[in-house]
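One structure below.
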Amino acid sequence: MARYLKLYLWFWAQRLKVLLEYPGSTLIGLFCQILTQIPGILAIWVVIRQVPGLGGWNYNEVLLIYGLLTVSMGLSFVFGQNLWFIGNGYIRPGSFDRLLLKPIDPLFMLVVEYFSWSGMGDALMGAVVTGKALLALNIMWSPLKVLALLLSVGSGTAIFIAVFLIGSVSAFWIINSIPVTALFYMTHIFARYPLSIYPRGVLLLVTWLLPYGFASYYPASYLLGKEAGTLVWAGPLVAATLLFIGYRVWLFGLRHYASTGS
Amino acid sequence: MPIIQVENISKVFRISQKDPGLGGAIKALFRPRYQDKVAVDGINFTVEPGEVVGYIGVNGAGKSTTIKMLTGILVPSGGQIRVLGRDPHRQRVANARDIGVVFGQRSQLWWDLALIESLNLIAKIYDVEPARYKQLLDQFTETLELKELLSVPIRNMSLGQKMRAELVATLIHEPKIVYLDEPTIGLDLIVKERIREFIKQQNRESGTTVILTTHDLGDIEELCPRVMIIDAGKLIYDGPLGTIKDRFGKFREITFDTAGSLDPFEPPTGTQVVTQEPRKLVLRFDRTVTTASQLASTVMSRVEVADFSLAEPDLSSIVKQIYGGALQKEVSQ
Amino acid sequence: MIQTLRRNVSAYNALVTLVPKLYLVYQSVFWIQFLLQFVSMIVLVYFWRAVYLGQATLGGLNLRQTLNYMLLVQWILPLLDNGLILHFGDWLREGKLAIELLRPLDFQSQNFVREQTDMFFFLLQKLPLLIVAWLVFGLQLPADPMRWVAFVVSMLLGKAILFFFQWIFACLAFYTTDVSGFYHALNAAAVFLSGALVPMAMMPGWLQRVAYSFPFAQAVSVPVSLLSGIIPLTDLPRIWLIQVVWLIGLAGVSRLVFRIAIRKVTFQGG
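So the sequences go chain by chain: A, B and C.
Numbered according to my numbering, the first sequence spans residues 78 to 339.
Numbered according to my numbering, the second sequence spans residues 809 to 1141.
Numbered according to my numbering, the third sequence spans residues 5 to 274.
Written out as structure tokens, the structure reads:
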């Protein structure tokens, strides 16, 4: 366990070194990615400011939800982007075997070999928006609320990554797993806004099936003392379950790969 | 005590059959048809520690499938494999610690990291003891002249440099067995020599067992006292290299484009008619009995020749001969 | 007689099988984009319904108008993509640009014609999305054929304007290989500035002025507003005049910029 942690930090140090080699390019990339977040936030600003609220949530409250989701989304790409490329980047060119020939968990190697700098841009912007919203909202902070916030960011990220994992396993059968992963990923846009504006079916989908709601809506509800907030504590459990399912599915896919070859 | 034991292994792939076009795609969805492709068919062999074994066969013969099973990537459909007493698939991690693999074209090093960083990483992954790591690193970079390349990332290296780097990366954790798949492909002669020398040295000094799959007969001649030949999933030869060279390496084929048609051609002694067609005559001759020029002049004295070409013995022709020979051997025994 | 019939039938069969094949050919990319936009439509509908809960109009538009506008925008939105810069990058890398540069006039015209015709095929291809919007989300399509004509003409003009703008932007590829970041940033900006996220009328005055100073609105907000009736047909002469001015202006600038950019490459090589 400690060994894996050390390796993880080592890989990170390597990636950072590569990024620092071309600081200009790295900074431009970060800046551009931050720019891509602005339109969405601007849209919220333009529209919500003119109306009393969205489903009972005022401007800053909506911003909080949007910001929280963006943080989890960005972090999931920072840590787990490589999962999207199992098919096109590893199995198709035949370099997946390379992962199996090392005395280390192949999933670990895969996830750790690449971290997305542009994801950092998203996460940063999300953090800024979240911070701005929290400041404007005058939350009554308590240790529990801080804990809930931190747990939610962690669970949210984990949920996105679990979705990437489950989608990526399709690569063992159809190689190009990107469409499948994209399918599961795209429903996260529901969680950008308060779930109370959607019909019950969507609410259930984004809470229990593709549980992005735990990255944004439930923690925001909890911090604001809204009714749905009690569900926030289920977040880590849901995330852990999804990760567990994802890992089992991954093992299943690996077994298939080992018996049929590339 | 053999380091590798392969008992009657086979590998069967199920390939789905699909008719072309839209109708075919839909049919395949509802009533999938499969065809079994036998890649490996009942292979047996053992390898003792410290051996250098050449494993050759034409493309599609089952070479890479066997290697994949030996390295634990692929699960056999039948039979048993024991590498260092373990099942390489079930005990993948433990097996991985003791082996090194070089896939000719695909690198195990990280594309944009400097070589030294890649090697450090590998040392960490394989838990190489730091003092030993330093020692081996100095030794290898000295032998393979990689000192200036340590700070260069793989993407900026030439093919020859890449291969030398690969070898260091593969051997730095002192594996007991090394599988080399086309290690000298695309390299010029000098680099090839250097690599072959390095492999020989490793085997000599550390007793590393080497399994070498290659199409380059030069590799085989330099490195492998023992050769296994696989054809259509079966092992058709397993024995000393010398025997092959003596028995089959001496034949050449010469193809004549004849101007007119021939009566059935009576080959001179030591030669054999392979093909006779209206405008083509292919003869196989024993190099130790006659020479190409002698044969050509004999043929040209008997028939009008427009052009002729001489073929070097290639792997497939040797394999064909051996296959034919092996069959005869079985029949006579 | 029988022969003719048989020939017609087999031609008909070929055509019928061609249609689903066309859709299947685009397979994953097409269907994923379709599903993404379908999901976006769901979010869109509920978002705007919630916005309008307290009021009848926003920016002078009622809920029905806004929904029609936003749903129609989804239909044409992918046309906004500024991918030309990526193509330029590829062409430069592969050295193909050098070959094309032997005929500089043809190169841009070729691409122009191709993009304009592609637009038609694209709109046809995306019809299922429109049908879904109509069936499921209550999209109201205008009965007045003049609106459709106005839409098509302003789409053609708008797309052409975009083409020349993208041409200018794509020349960045001559100066740096780091185009991916710019591409994503511009796309994101374009989506907002075109009026695809928020109808122009809802933006504060200063922001509207900013948005209209970019050409993106000409390809999205203008045609869709015409089709959905937000802009009355009486405004057509003014609208088209503006679009033509944009077109001529950008076309001219694009030729100039391209010539300058090429000079850099041919003098400095690769």
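Positions of the beta carbon are idealized from the N, C-alpha and C atoms, including for glycine.
All of these numbers come straight from a predicted model, not from anything done at the bench.
- Query: Would you report the Cα separation of L97(A) and L112(A), rounded to the nearest angstrom?
  - Reply: Distance between the alpha carbons of L97(A) and L112(A): 21 Å.
- Query: Which partner residues of V814(B) appear in the DSSP bridge assignment?
  - Reply: Partner(s): F853(B), I889(B).
- Of the choices A847(B), P857(B), I962(B), E925(B), whose alpha-carbon is the least far from that of N1011(B)? Nearest option by C-alpha distance: P857(B).
- State the Cα-Cα distance for the pair V43(C) and T264(A), rounded to the nearest angstrom. Linking V43(C) to T264(A) through their CA atoms gives a straight-line distance of about 7 Å.
- Message: If I measure Cβ to Cβ from S193(A) and keep anything under 6 Å in the same chain, skipping five residues before and after, which residues do I get?
- Response: Once the five neighbours on either side are set aside, the close Cβ partners of S193(A) are F154, V155, Q158.
- Item | Cβ-based burial, H333(A) [other Cβ within 10 Å; buried from 16] | Burial call: exposed.
- Message: Would you call the region 307-316 of chain A in contact with the region 863-874 of chain B, where contact means no fewer than 3 C-beta pairs closer than 8 Å?
- Response: Judged by Cβ distances under 8 Å, the region 307-316 of chain A makes no contact with the region 863-874 of chain B, as fewer than three pairs qualify.
- Sequence-distant residues of its chain with Cβ nearer than 8 Å to I235(C) (five each side left out): Counting only Cβ-Cβ distances below 8 Å, and skipping sequence neighbours, we find V226, S229, I243.
- Message: Counting only C-beta atoms, is I933(B) closer than 8 Å to chain A at any point?
- Response: Yes, its Cβ sits closer than 8 Å to a Cβ of chain A.
- Taking Cβ-Cβ distances shorter than 9 Å, what residues in chain A pair up with M206(C)? Under the 9 Å cutoff, chain A gives V123, V124, Q127.
- Query: Which value, in whole angstroms, describes the spacing of the CA atoms of L300(A) and L48(C)?
  - Reply: Roughly 26 Å between the two C-alpha positions.
- Message: Quick check: is the beta carbon of Y27(C) nearer than 8 Å to any beta carbon in chain A?
- Response: In this predicted model, Y27(C) has a pLDDT of only 47, less than 50, meaning its place in the structure is not dependable enough to derive any value.
- Whether L957(B) touches L923(B) by CB criterion (8 Å): Contact flag set, yes.
- Task: Quick one: residues in its chain with C-beta nearer than 8 Å to the C-beta of T337(A), no 5 flanking neighbours on either side, listed in chain order?
- Result: Nothing meets the Cβ criterion.
- Message: Contact between the region 994-1012 of chain B and the region 838-857 of chain B is defined here as three or more beta-carbon pairs at a separation below 8 Å; is this criterion met?
- Response: Short answer: they don't touch.
- Below-8 Å beta-carbon distance, W87(A) vs any chain B residue: Chain B contact via Cβ: present.
- Message: Helix, strand or coil for A223(C)? Go by DSSP, reduced to three states.
- Response: Reduced to three states, the DSSP call for A223(C) is helix.
- Say whether chain B places a C-beta atom closer than 8 Å to the C-beta of T103(A). Closer than 8 Å: no.
- Query: Which class does L1020(B) belong to by DSSP, given the choice of helix, strand or coil?
  - Reply: DSSP places L1020(B) in strand when its eight states are reduced to three.
- Message: Classify T873(B): buried if its beta carbon has 16 or more other beta carbons within 10 angstroms, exposed otherwise.
- Response: In this structure T873(B) is buried. Its beta-carbon is surrounded by 16 or more other beta-carbon atoms within 10 angstroms.
- Item | Selection of the region 323-338 of chain A by Cβ proximity to chain B, strictly under 9 Å | Within the region 323-338 of chain A, contact with chain B at the beta-carbon level (separation under 9 Å) is assigned to R332, Y334, A335, S336, T337, G338.
- Query: Quick one: what's got a C-beta closer than 7 Å to K876(B)'s C-beta in the same chain, skipping five residues either side?
  - Reply: Here the set comprises L882.
- Query: Can a CB atom of chain B be found closer than 8 Å to the CB of L84(A)?
  - Reply: Cβ-Cβ to chain B under 8 Å: yes for L84(A).
- Message: Against chain C, does L260(A) count as a neighbour if the rule is that its beta carbon must be under 8 Å from one of theirs?
- Response: Chain C, which has a Cβ nearer than 8 Å to the Cβ of L260(A), makes this yes.
- Task: Sort R151(C), L240(C), I252(C), A177(C) by Cα distance to L88(C) and report the nearest one.
- Result: Ranking R151(C), L240(C), I252(C), A177(C) by Cα distance to L88(C) puts A177(C) first.
- Message: Less than 8 Å between CB atoms is the rule here; does I1052(B) satisfy it with respect to chain A?
- Response: No, I1052(B) does not count as interfacial toward chain A.
- Query: Do you know offhand how far L190(C)'s Cα is from I246(C)'s?
  - Reply: Going by the C-alpha atoms only, they are around 23 Å apart.
- Query: Using the rule of at least 16 other Cβ atoms within 10 Å of the residue's Cβ for burial, across every protein chain shown, is Y81(A) buried or exposed?
  - Reply: Classification for Y81(A): exposed.
- Tell me K1088(B)'s beta-bridge partners as DSSP assigns them. DSSP, once it has assigned bridges, lists D1065(B), E1085(B) as partnering K1088(B).
- Straight-line CA distance for G58(C) to L141(A)? For G58(C) and L141(A), the gap between their C-alpha atoms comes out near 21 Å.
- Look at the alpha carbon of L184(A) and the alpha carbon of S247(A), and state the distance between them as a whole number of angstroms. Answer to the nearest angstrom: the Cα atoms are 14 Å apart.
- Taking buried to mean at least 16 other C-beta atoms within 10 Å of its own C-beta, is R126(A) buried or exposed? It is exposed - the Cβ of R126(A) has fewer than 16 other Cβ atoms within 10 Å.
- Is it right to say T61(C) is buried, meaning 16 or more other beta carbons lie within 10 angstroms of its own, or is it exposed? Exposed: under 16 other Cβ atoms inside 10 Å.
- Task: Could I get the ranges of all uninterrupted alpha helix (DSSP H) runs contained in the region 211-262 of chain A, with 4 residues as the minimum, in chain order?
- Result: Listed in chain order, they are 220-245, 248-251.
- Query: Sorted by chain position, which residues of the same chain lie with C-beta nearer than 8 Å to K25(C)'s C-beta, five sequence neighbours on each side aside?
  - Reply: Residue placement at K25(C) cannot be trusted, given a pLDDT of 45 that sits under 50; what the coordinates show is reported in the next sentence. Shown here for K25(C): not one same chain residue has a beta carbon closer than 8 Å to its own, the five before and five after excluded.
- Message: Check whether the region 224-233 of chain A and the region 291-300 of chain A touch, using three or more Cβ-Cβ pairs below 8 Å as the test.
- Response: Inter-segment contact for the region 224-233 of chain A and the region 291-300 of chain A is present: three or more beta-carbon pairs are separated by less than 8 Å.
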